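Colleague: Next up is a structure, given as structure tokens.
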């Protein structure tokens, strides 16, 4: 087999490989834009779902803050009253039910936080998305509420005695007020986190379609450049085949 024949065989394989590469490039260009819209829809729907959980967390946090504020006002009112049976009735009738509602609100808030963190972790798997997740600070709220409930129960029992120790009751009021203030501070920090995550989500949701379009454009250019190289190889193979 002479050298001319070997050249033709080599040209044939080069033509085959370059043609196959060109087909891959064309398929890549088409595929990039075929998948552009579904990927954009998936990303925006993921970010929108996370934003919905952020709104739920924000609403629930606002409700918890209102309930804590109500309790603080009630405790301030108690501290200005005469230490007698009416204070005990107010604790049992007005304040303890708020503790129960507040506990239920924190349960809802923690559930929303867990779901939101999962949603944020899913969103962070998207290239170019880096959203902050929430700290597990809400777990401590249960302990504080247990302490508040215990102090209120003990205070109500003390007020039921025939001889009430006013200084002891006043100290219990002050301790309960301090714990409610710590709850309020925690909710304020949580509100700040919700606000920051919400802002980051809005920015990511606005930027994601542009980022996907630019990525599609860059990939298309790369495929076209690689395809141009394959065309050059095809032309070279044809010349070799004709020699």
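Numbering (my numbering), first residue to last: 8 to 250.
Backbone N, C-alpha and C define an ideal beta-carbon position, used for all residues, glycine too.
Small disclaimer: the values here were computed from a predicted structure and weren't measured.
Around the Cβ of residue 102, are there at least 16 other Cβ atoms within 10 angstroms (buried) or fewer (exposed)?
Modeller: When all chains shown are included, residue 102 counts as buried.
Colleague: In angstroms with no decimal places, state the Cα-to-Cα distance between residue 49 and residue 200.
Modeller: Each residue's Cα considered, the two are about 25 Å apart.
Colleague: Using only CA atoms, which one of 16, 58, 148, 30 lies nearest to residue 234?
Modeller: When each option's Cα is compared against that of residue 234, the closest is 30.
Colleague: Is the beta carbon of residue 57 sitting closer than 7 Å to the one on residue 208?
Modeller: Yes, these two residues count as a Cβ contact at 7 Å.
Colleague: Checking 7 Å against the spacing of the C-beta atoms, do residue 123 and residue 138 come in under that value?
Modeller: Not in contact: residue 123 and residue 138 (Cβ atoms no closer than 7 Å).
Colleague: Starting from the Cα of residue 75, find the closest Cα among 183, 43, 46, 32 and give me that residue.
Modeller: Measuring from the Cα of residue 75, the nearest candidate turns out to be 183.
Colleague: Going by DSSP in three states, residue 138 sits in which element: helix, strand or coil?
Modeller: In this structure, residue 138 counts as coil in the three-state DSSP scheme.
Colleague: Starting from residue 128 and walking both ways along the alpha helix (DSSP H), at which residues does that stretch end?
Modeller: Start and end: 103 to 131.
Colleague: Suppose the cutoff is 7 Å on Cβ atoms and the five residues either side in sequence are ignored; what does the same chain contact list for residue 60 look like?
Modeller: Closer than 7 Å at the Cβ level, and outside the excluded window around residue 60, lie 119, 122, 123, 126.
Colleague: Determine, using beta carbons only, whether residue 194 and residue 71 come nearer to each other than 7 Å.
Modeller: Yes. Within cutoff.
Colleague: Identify which residue in 23, 45, 129 has its Cα closest to the Cα of residue 219.
Modeller: Of the candidates 23, 45, 129, the one whose C-alpha sits nearest the C-alpha of residue 219 is 45.
Colleague: CB residue 247 to CB residue 14, shorter than 7 Å?
Modeller: Yes, the Cβ-Cβ distance between residue 247 and residue 14 is below 7 Å.
Colleague: So is residue 178 buried or exposed if we call it buried at 16+ other beta carbons inside 10 Å?
Modeller: Exposed is the call here.
Colleague: Pick from 176, 132, 116: whose alpha carbon is nearest that of residue 147?
Modeller: Checked all of 176, 132, 116; the closest Cα to residue 147 is 116.
Colleague: Assuming residue 129 and residue 53 form a contact by the criterion Cβ under 8 Å, report the distance between their Cβ atoms to the nearest whole angstrom.
Modeller: Yes, residue 129 and residue 53 are in contact; Cβ-Cβ is about 6 Å, under 8 Å.
Colleague: Could you check whether residue 25 and residue 206 sit closer than 7 Å to each other, using their CB atoms as the reference points?
Modeller: Taking 7 Å as the Cβ cut-off, residue 206 and residue 25 do not qualify as a contacting pair.
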